[in-house]
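One structure is given below, encoded as C-alpha cells.
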Amino acid sequence: MRYSRILLKLSGAAMAGDKDFGFNPTALNYIADEVLKLHNAGIQVGIVIGGGNIFRGNLGAQWGIEHAEADNIGMMATVINSLMLRGVLTSRGNAEVRVMTAIPIDTVAEPFIRLRAIHHMDKGYICIFAGGTGQPFMTTDYPAVQRAIEVRAQALLSAKSGTDGIYTADPNQDPTARRYSEISYDSVVRQNLRALDQAAVLLARDNRLRLHVFSFDHPDAMYRLCQGEDVGTLIANVDHDVLA
Ligand code: UDP
Numbered sequence: 002m003r004y005s006r007i008l009l010k011l012s013g014a015a016m017a018g019d020k021d022f023g024f025n026p027t028a029l030n031y032i033a034d035e036v037l038k039l040h041n042a043g044i045q046v047g048i049v050i051g052g053g054n055i056f057r058g059n060l061g062a063q064w065g066i067e068h069a070e071a072d073n074i075g076m077m078a079t080v081i082n083s084l085m086l087r088g089v090l091t092s093r094g095n096a097e098v099r100v101m102t103a104i105p106i107d108t109v110a111e112p113f114i115r116l117r118a119i120h121h122m123d124k125g126y127i128c129i130f131a132g133g134t135g136q137p138f139m140t141t142d143y144p145a146v147q148r149a150i151e152v153r154a155q156a157l158l159s160a161k162s163g164t165d166g167i168y169t170a171d172p173n174q175d176p177t178a179r180r181y182s183e184i185s186y187d188s189v190v191r192q193n194l195r196a197l198d199q200a201a202v203l204l205a206r207d208n209r210l211r212l213h214v215f216s217f218d219h220p221d222a223m224y225r226l227c228q229g230e231d232v233g234t235l236i237a238n239v240d241h242d243v244l245a
C-alpha cells in the first residue's frame with residue numbers, strides 16, 4: 002500500500018445523493034462501504050465532511066443573516082453530517098468510529114484533541130473531524146488540510162462528484178480540456194483552479210501534504226489510490242505539471 006493513513010474530505014452533497022438537500026440512504030451506504038473498504042484493508046482513515054446538504058455560510062447574506070452567524074450554522078451542519086456518518090458506518094461494519102469536534106458538544110462527541118486523535122487512529126479507529134476549525138469565514142477544505150497535517154496523514158483525498166480531477170479548462174464547456182495527472186500547488190494557486198480553496202492549497206504546500214482530487218462516483222477509486230494507482234489529479238511538489 003502507498004498510504005497507510007489518509008484523510009478523506011467529502012462534501013455534504015455526497016450525503017444527499019441525487020437530492021439537493023438532506024440525506025439519501027443509498028448515498029450514505031455507498032460512502033460507508035467505500036470507507037470500510039479502506040478500513041478493512043488496514044488503512045487508517047480520518048474524515049472531514051462538509052455541510053452543504055444542510056447549510057453553507059455563504060447562503061446567509063441572501064437571508065439577511067450575518068456572515069459569522071451563518072458560518073456557525075454551517076459548522077453545526079458538519080456536526081450533524083459527522084454523527085450521521087458515524088451511525089451509518091457503525092451499522093455496516095464492526096469498526097470503532099469516533100466523532101471529534103472543534104465545537105464543544107460534550108454529550109454527543111469528543112472534543113478534538115490532536116494527540117488523542119492520533120492515538121485513536123493508531124488503534125485503527127475511524128475518526129470523523131466535525132465542526133470545521135470552529136471558526137467562521139472558511140469552508141471545510143481548510144480544516145480538512147489542517148486535520149490531515151495534525152494527525153500526520155500521508156495524503157488528503159478530496160472526493161468530488163461529477164468530475165474526476167483538475168482540468169486545463171471546464172470539460173463541460175471546452176471539448177479540448179485535458180485532465181492533469183499531476184500538478185504543482187503553485188500552478189493550482191496561480192491559475193486559480195478551484196479544486197480546493199486557495200488557503201487550503203497553500204497550507205498543504207507549506208507542509209508538503211499531498212492532495213488527490215478524484216471522483217467519488219467511481220467505486221474503489223479511494224482504495225486504488227491508496228494502493229498506489231494514479232487516479233484523478235495529484236497536487237504535490239512536482240517540477241512539471243503532467244497531463245493525463
Ligand atoms: N464552516 C466554517 N468554518 C469552518 C468550516 C466550515 O464556518 O472551519 C462553515 C461555512 O459556513 C461552510 C459550512 O460550514 O460553508 C459548511 O462547510 P462547506 O461549505 O465546506 O460544506 P461542503 O460544501 O463541503 O458540503
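Numbering (the numbering used here), first residue to last: 2 to 245. Even glycine gets a Cβ: it sits at the ideal position worked out from N, Cα and C.
Rounded to the nearest whole angstrom, the C-alpha separation of alanine 42 and valine 152 is 19 Å.
Burial state of glutamine 147 is buried, judged by a 10 Å Cβ sphere holding 16 or more other Cβ atoms.
Taken in chain order, the unbroken stretches of alpha helix (DSSP H) that lie wholly in the region 60-135 and span 4 residues or more are 68-92, 115-123. Serine 5 sits exposed, since fewer than 16 C-beta atoms from the chains shown fall within 10 Å of its C-beta.
Minimum Cα-Cα distance from alanine 170 among the listed residues Phe113, Val100, Gln192 corresponds to Gln192.
For histidine 241, no beta strand (DSSP E) encloses it, and the DSSP letter there is neither H nor E.
Contact annotation: the region 157-168 touches the region 206-214, with at least three C-beta pairs closer than 8 Å. For asparagine 59 and tyrosine 143, the gap between their C-alpha atoms comes out near 16 Å. In the three-state DSSP reduction, serine 5 falls in the coil class, being neither helix nor strand. Taking 6 Å as the cut-off, one finds at least one heavy atom of the ligand UDP near enough to the beta carbon of methionine 76. Separation of valine 49 and aspartate 218 (C-alpha to C-alpha, rounded to the nearest whole angstrom) is 18 Å. Taking a contact as a CB-CB distance under 8 Å, the pair arginine 115 and alanine 33 does not count as one, their CB atoms being some 26 Å apart. By the neighbour-count criterion, in which 16 or more other beta carbons inside 10 Å mark a residue as buried, alanine 245 falls on the exposed side. Not one heavy atom of the ligand UDP lies closer than 6 Å to the C-beta of proline 176. DSSP, read as helix, strand or coil, puts alanine 156 in strand.
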